[in-house]
Amino acid sequence: MEGASPATFRPTPQQAFGHGLYLGVLGAVASVGMAVIIALFGSGPPGWMWAALVLGSLLIGAVAGLAAGRRTGVEVGAGGIRTSSVFAEGVAPWSRVVDLRAERRGRRNVVSVYLDSGASVQLHAPYSGGLFAADPQFELKVFALSHLWRSHRFGGLPG
1 MEGASPATFR PTPQQAFGHG LYLGVLGAVA SVGMAVIIAL FGSGPPGWMW
51 AALVLGSLLI GAVAGLAAGR RTGVEVGAGG IRTSSVFAEG VAPWSRVVDL
101 RAERRGRRNV VSVYLDSGAS VQLHAPYSGG LFAADPQFEL KVFALSHLWR
151 SHRFGGLPG
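Below is the structure:
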């Protein structure tokens, strides 16, 4: 298993797009809110500018979500589980992982890794939820993660 390439789990393109749209909506609310405040104290932007504020924010958010989705993920290899996101990275060596399971957190099903220190780490991928967060292969990915963990934890499966 030492020579095998690591397994990688990333948000699906649909999940990355949905996350980007969410960020885009937040940006649209902020930009339209700022434009409303400016309009209250002076002349407001022209009519076409309101649509540009909303659509531009949504477009920028969707593109940013797709770009961030390529950097966010989990890599499982011989050394352990490596998580990466836009802002941070972390490694959990196999010797510290005592349990790995799928859990319901809010409106999503996520994979949590429990460490020997008692801490739990929620993996960035795979996950599944409603609408854009749905991943039809979530159970297969959890099974693959569980199999990899058990193989490293217990020294492989009997043949």
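First residue of the sequence shown? That's 1 in the UniProt record's numbering, and the numbers climb one at a time after it.
No residue lacks a Cβ here, since even glycine has one placed at the ideal position from N, Cα and C.
- Residues bridged to arginine 105 by DSSP? In the sequence shown, the residue the question calls residue 105 occupies position 105. According to DSSP, which records beta bridges pairwise, arginine 105 is partnered with Arg108.
- Item | Distance, valine 74 Cα to serine 84 Cα | By one-based count along the sequence shown, residue 84 stands at place 84. By one-based count along the sequence shown, residue 74 stands at place 74. Roughly 6 Å separates the two Cα atoms.
- Message: If contact is defined by three or more beta carbon pairs under 8 Å, each pair taking one atom from either stretch, is the stretch 85 to 102 in contact with the stretch 112 to 130?
- Response: yes
- Task: Determine the contact status of glycine 61 and leucine 21, defining contact as a CB-CB distance below 8 Å.
- Result: Residue mapping note: residue 61 aligns to position 61 of the sequence shown, counting from 1. Residue mapping note: residue 21 aligns to position 21 of the sequence shown, counting from 1. Cβ distance < 8 Å, so glycine 61 and leucine 21 count as in contact.
- With DSSP run on the structure shown, which of helix, strand or coil describes glutamine 137? Taking the sequence shown and counting its residues from 1, one reaches residue 137 at position 137. Glutamine 137: coil per DSSP, three-state reduction.
- Query: Can you tell which of Leu131, Pro13, Ala125, Ala52 has its C-alpha closest to the C-alpha of phenylalanine 138?
  - Reply: Counted from its first residue, the sequence shown places residue 138 at position 138. Out of Leu131, Pro13, Ala125, Ala52, Ala125 has the C-alpha closest to the C-alpha of phenylalanine 138.
- With a floor of 4 residues, list each alpha helix (DSSP H) that falls wholly inside the stretch 16 to 85, ordered by position along the chain. 47 to 71
- Task: Please classify serine 146: does DSSP put it in a helix, a strand, or coil?
- Result: Against the sequence shown, residue 146 aligns to sequence position 146. Reduced to three states, the DSSP call for serine 146 is helix.
- Message: Taking its Cβ as the centre, do 16 or more other Cβ atoms sit within 10 Å of histidine 19, making it buried, or is it exposed?
- Response: Locating residue 19 in the sequence shown gives position 19, counting from the first residue. Burial call: buried.
- Item | Inter-residue Cα distance where the pair is arginine 108 and serine 128 | In the sequence shown, the residue the question calls residue 108 occupies position 108. In the sequence shown, the residue the question calls residue 128 occupies position 128. When rounded, the distance between both Cα atoms is 6 Å.
- Item | C-alpha distance - alanine 30 paired with alanine 39, whole-angstrom precision | Along the sequence shown, one-based indexing puts residue 30 at 30. Along the sequence shown, one-based indexing puts residue 39 at 39. The straight-line gap from Cα to Cα measures roughly 14 Å.
- Message: Assuming proline 126 is part of the beta strand (DSSP E), what are its boundary residues?
- Response: As a position in the sequence shown, residue 126 is number 126, starting the count at 1. That run of the beta strand (DSSP E) goes 120 to 128.
- Query: If we call anything under 8 Å between Cβ atoms a contact, is glutamine 15 one with phenylalanine 132?
  - Reply: Walking along the sequence shown from the start, residue 15 turns up at place 15. Walking along the sequence shown from the start, residue 132 turns up at place 132. In this structure, phenylalanine 132 lies closer than 8 Å to glutamine 15 by Cβ.
- According to DSSP, residues forming a beta bridge with glycine 90: Residue 90 sits at position 90 when you count from the first residue of the sequence shown. Its beta-bridge partners are Thr83.
- Can you grab the Cα-Cα spacing for the pair alanine 104 / serine 43, in whole Å? On the sequence shown, residue 104 is found 104 positions in, with the first residue counted as 1. On the sequence shown, residue 43 is found 43 positions in, with the first residue counted as 1. Reading off the sequence shown, one finds arginine at residue 104, where the question assumed alanine. Distance between the alpha carbons of arginine 104 and serine 43: 49 Å.
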